[in-house]
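Asker: What follows is a single structure, and I will ask about it in a moment.
Chains as they are written, first to last, in my numbering: chain Z, 1 to 240; chain V, 1001 to 1215.
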C-alpha cells in the first residue's frame, strides 16, 4: 500500500516503512523530481502530511540518519542532520510483521557509521549505481567496511535481509542510455557495463502490488514503473 | 589525535593500549563538552579495532563508556563488544557489571520507542550478559512484563547462542515461537523453527508440540 501525500492525504508512518521524495516544490506547485530519493522510517509517526518532518535512515554518500523536511534551511551540524528533502510518498507492506520491521532496522543500522576513516585513499562516498554490494565497493576494493548502494538498493537490501524482497531484481530492465547520461552528468559513480537498475519507481510499484511481492509486472512491461512515468502519475492525483 | 588513531586503527591490527587509552580519554572529554560534535563514526572505528586487537586492560577502560555513550552508534558499539567477547571470552566478564547495569537502565526506559533499534540493542546486551557466564534466565523472564518483550526475545533468538545452555535455548525458542504464533507473526515463527531445527534437532518435535498446545 502506498500513501501519496501529494494528494493531500495524511497517514501513519510505521517503523521501517519506505519513504520517497518524488517531487520538488516550485512556488505553490510541485514538479517531478528527475530521480527519486528513498529511505526508511527511523521514528514512527502517527500522522504524516506533506512537507512535515520525518526521521529517516537513507543512503546518500554513506548511510545516514537524517531529518527530512521540505522548505527548510539545511543544518548539517544538527544531530540528526536536517536535510531539505520531502516525504511525499510512503510505502508500507500489509503483510509485514513487527519482528521483521525490527530486522529491517537492524540491517539498516548495521551500515551506519561503517564509513571508512577520513584518510585520503579511502572512499569519500560509498554511493553506487550498479549491482548492490553489502560488503565492499567496486571502486575501492581494498577499503574495509565499505559497501555499495544507491538509495533504492539500500532500502531493497534491508527488506530482502528481513525476508521481504520487494522486487524481482533479476527481471528488472537494463539501464537505458538516457538514464546513464543523466547520472554521468551529475558525476554519480556508476557501473560502466549494462546492469539491471533498481529505481524508486520499482519500489513504489512493489508497495502498490503488495502482497504480490517480490514484484514483477504481470504484463512483463516495466515502463509504468519507470521513475519519470510513475512520479508523473503520482503527481497527477487530484489534490485536496 | 583522531587522525593518528584513525590511521593506526585502519592500518594496524597490533594491540596499542596507550593509544586506546589516550583516545578514550579524549572522547570522554568531547562527550562531556556541550556543543562539541560527537565523532560517532570514529568511535565505531575504535570499537571495531578493539574487537580485533583489544585486550583486558582496554576492556576496563571502555567499560564506563557503555553507560554514557548511548547514541545512534550504540548498535555498532555493542556488536563490536560482542565480537570482541567471542575472540577473547574473558572480556565479557570484565564488562559484565556495566553491561548488566546498562541492561537495567534500558529495561526501565520509559519511552523505548525513542531509542534507535531498541530491540536489537537490548538483545545484544543480553548476549553480552550471557557471554559473561551469568545466568540470563532472570532477564529473559523479566521480558514477560515488557511492552517490547517479544521483539527483544526474537532478536535475541536470532543470535548465535552457543554460549547459552541447551535447556535455556529450548525454553527461549519455545517461548518466542508461542508468542509469535499468538501475535500471528507466522513468517517470523517459521523463521524460529529453522533455528530450532539447526540448534536442537532432537528436541524439534517436542518444542513444536508443547508450543502449539500452549498456543
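A virtual CB, placed ideally from N, CA and C, is assigned to each residue, including glycine.
1) Along the chain, which unbroken stretches of the alpha helix (DSSP H) at least 4 residues long are found entirely within the region 1179-1204 of chain V?
2) Got a sec: is the Cβ-Cβ distance from residue 82 of chain Z to anything in chain V below 8 Å?
3) Under 9 Å between beta-carbons, which chain V residues line up against residue 112 of chain Z? List them in chain order, please.
4) Mind checking the region 87-100 of chain Z against chain V and listing, in chain order, the residues whose C-beta falls within less than 9 Å of any C-beta there?
5) Anything in chain V within Cβ reach of residue 163 of chain Z, meaning under 8 Å, just list it in chain order.
6) DSSP puts residue 1210 of chain V in a beta bridge; with which residues?
7) For chain V, check one thing: does any of its Cβ atoms lie closer than 8 Å to the Cβ of residue 12 of chain Z?
8) Below 8 Å CB to CB, which residues in the same chain sit around residue 1172 of chain V once its five sequence neighbours on both sides are set aside?
9) Using only alpha-carbon positions, find the residue among Z/144, Z/139, Z/205, Z/173 that is nearest to residue 246 of chain Z.
10) Starting from the beta carbon of residue 1037 of chain V, find every residue of chain Z whose beta carbon is closer than 9 Å, and list them in chain order.
11) Could you work out which residue in Z/147, Z/31, Z/8, Z/64 is closest to residue 229 of chain Z when comparing CA atoms only?
12) Does DSSP classify residue 222 of chain Z as helix, strand or coil?
13) Report buried or exposed for residue 1117 of chain V, applying the criterion of at least 16 other Cβ atoms within 10 angstroms of its Cβ.
14) Name the chain Z residues that come within less than 9 Å of residue 1180 of chain V, Cβ to Cβ?
15) Can you look up residue 17 of chain Z in the DSSP assignment and give me helix, strand or coil?
16) Between Z/173, Z/181, Z/189, which lies nearest to residue 226 of chain Z when the distance is taken from Cα to Cα?
17) Cα separation between residue 217 of chain Z and residue 168 of chain Z?
18) Taking beta-carbon pairs under 7 Å, can you tell me which members of the region 1138-1159 of chain V lie near chain Z?
19) Tell me, please, whether the region 50-69 of chain Z touches the region 8-21 of chain Z by the rule of three or more beta-carbon pairs shorter than 8 Å.
20) Would residue 104 of chain Z and residue 151 of chain Z qualify as a contact pair, given that the criterion is a beta-carbon distance under 8 Å?
21) Taking the alpha-carbon of residue 1216 of chain V as reference, which of V/1016, V/1213, V/1159, V/1185 has the nearest alpha-carbon?
22) Would you tell me roughly how many angstroms separate the C-alpha atoms of residue 1147 of chain V and residue 1182 of chain V, rounded to the nearest one?
23) What would DSSP say about residue 52 of chain Z, mapped onto helix, strand or coil?
24) At a Cβ threshold of 8 Å, is residue 104 of chain Z touching chain V?
25) What residue range is occupied by the uninterrupted alpha helix (DSSP H) comprising residue 1139 of chain V?
26) Report the CB separation of residue 89 of chain Z from residue 198 of chain Z in whole angstroms; it is logged as a contact under 8 Å.
27) Let me check understanding here. Comparing Cα to Cα, which of V/1170, V/1083, V/1191, V/1180 lies closest to residue 1205 of chain V?
28) Quick one: does residue 1120 of chain V have its CB under 8 Å from some CB of chain Z?
29) How is residue 91 of chain Z classed by DSSP in three states: helix, strand or coil?
30) From the DSSP secondary-structure annotation, give me the bridge partner or partners of residue 129 of chain Z.
31) Which residue marks the beginning of the alpha helix (DSSP H) containing residue 202 of chain Z, and which one marks its end?
32) Whose C-beta lies closer than 6 Å to the C-beta of residue 1091 of chain V among residues of the same chain, with five residues either side of it excluded?
Answerer: This is what the structure holds:
1) With a minimum length of 4 residues, the continuous alpha helix (DSSP H) runs that stay inside the region 1179-1204 of chain V are 1186-1199.
2) Numbered from 1 along the first chain, position 82 holds the residue referred to as residue 82 of chain Z. It does not: the Cβ of residue 82 of chain Z has no partner Cβ on chain V nearer than 8 Å.
3) Counting from 1 along the first chain, the entry for residue 112 of chain Z is found at position 112. Around residue 112 of chain Z, the beta-carbon contacts reaching into chain V at under 9 Å are 1040, 1041, 1044, 1072, 1073, 1075, 1076, 1116.
4) Per Cβ criterion, the list reads 95, 96, 97, 98, 99, 100.
5) Within the first chain, residue 163 of chain Z is the residue found at index 163, counting from 1. The contact set of residue 163 of chain Z on chain V, defined by CB atoms closer than 8 Å, consists of 1187, 1191 in chain order.
6) As a first step, residue 1210 of chain V is located in the second chain; it is residue number 210 there, counting from the start. Looking at the DSSP assignment, residue 1210 of chain V forms no beta bridge with any residue, so it has no partner.
7) To locate residue 12 of chain Z, count along the first chain from 1; it is residue 12. For residue 12 of chain Z, no CB of chain V lies under 8 Å from its own CB, so it is not counted at the interface with that chain.
8) Walking along the second chain from the start, residue 1172 of chain V turns up at place 172. For residue 1172 of chain V, where only same-chain residues beyond five positions count, the Cβ hits under 8 Å are 1140, 1153, 1156, 1157, 1161, 1164.
9) Outside the modelled stretch of chain Z, which goes from 1 to 240, sits residue 246 of chain Z, for which no answer is possible.
10) One-based indexing of the second chain puts residue 1037 of chain V at position 37. Close partners of residue 1037 of chain V in chain Z (Cβ separation under 9 Å): 77, 79.
11) To locate residue 229 of chain Z, count along the first chain from 1; it is residue 229. Checking every option, the nearest Cα to that of residue 229 of chain Z belongs to Z/31.
12) The residue labelled residue 222 of chain Z in the question sits at position 222 within the first chain. For residue 222 of chain Z, the secondary structure class from DSSP, reduced to helix, strand or coil, is coil.
13) Locating residue 1117 of chain V in the second chain gives position 117, counting from the first residue. Result: buried.
14) Position 180 of the second chain holds residue 1180 of chain V. Under the 9 Å cutoff, chain Z gives 97, 99.
15) Position 17 of the first chain, counted from the first residue, corresponds to residue 17 of chain Z. In the structure shown, residue 17 of chain Z sits in coil (DSSP, three-state: anything other than H, G, I, E or B).
16) Residue 226 of chain Z sits at position 226 when you count from the first residue of the first chain. Cα-wise, what sits closest to residue 226 of chain Z is Z/173.
17) For this step, residue 217 of chain Z is matched to residue 217 along the first chain. For this step, residue 168 of chain Z is matched to residue 168 along the first chain. Just so you know, the alpha carbons of residue 217 of chain Z and residue 168 of chain Z end up roughly 10 Å apart.
18) Listed by position along the chain: 1151, 1154, 1155.
19) Yes, they touch.
20) In the first chain, the residue the question calls residue 104 of chain Z occupies position 104. In the first chain, the residue the question calls residue 151 of chain Z occupies position 151. No, the pair does not count as a contact, with Cβ atoms beyond the cut-off.
21) Because residue 1216 of chain V is not part of the residues shown, which for chain V are 1001 to 1215, the question remains open.
22) One-based indexing of the second chain puts residue 1147 of chain V at position 147. One-based indexing of the second chain puts residue 1182 of chain V at position 182. Distance between the alpha carbons of residue 1147 of chain V and residue 1182 of chain V: 15 Å.
23) As a first step, residue 52 of chain Z is located in the first chain; it is residue number 52 there, counting from the start. In the three-state scheme derived from DSSP, where H, G and I count as helix and E and B as strand, residue 52 of chain Z is classed as coil.
24) Mapped onto the first chain, residue 104 of chain Z falls at position 104. Nearest CB-CB separation between residue 104 of chain Z and chain V: not below the 8 Å threshold.
25) Here the question's residue 1139 of chain V lines up with position 139 in the second chain. Run containing residue 1139 of chain V: 1137-1142, per the alpha helix (DSSP H) assignment.
26) Position 89 of the first chain, counted from the first residue, corresponds to residue 89 of chain Z. Position 198 of the first chain, counted from the first residue, corresponds to residue 198 of chain Z. Actually they are not in contact, since the Cβ atoms of residue 89 of chain Z and residue 198 of chain Z sit about 16 Å apart, beyond 8 Å.
27) Here residue 1205 of chain V corresponds to residue number 205 of the second chain, with the count starting at 1. Checked all of V/1170, V/1083, V/1191, V/1180; the closest Cα to residue 1205 of chain V is V/1170.
28) Translated into positions along the second chain, residue 1120 of chain V becomes position 120. Answer yes: the Cβ-Cβ gap between residue 1120 of chain V and chain Z drops below 8 Å somewhere.
29) As a working note, residue 91 of chain Z is residue 91 in the first chain. It is a strand residue.
30) If you number the first chain from 1, residue 129 of chain Z lands on position 129. Under DSSP, residue 129 of chain Z forms a beta bridge with Z/190.
31) As a first step, residue 202 of chain Z is located in the first chain; it is residue number 202 there, counting from the start. Note, residue 202 of chain Z: alpha helix (DSSP H), 200-209.
32) Your numbering for residue 1091 of chain V matches position 91 in the second chain. Correct list, in chain order: 1059, 1084, 1085.
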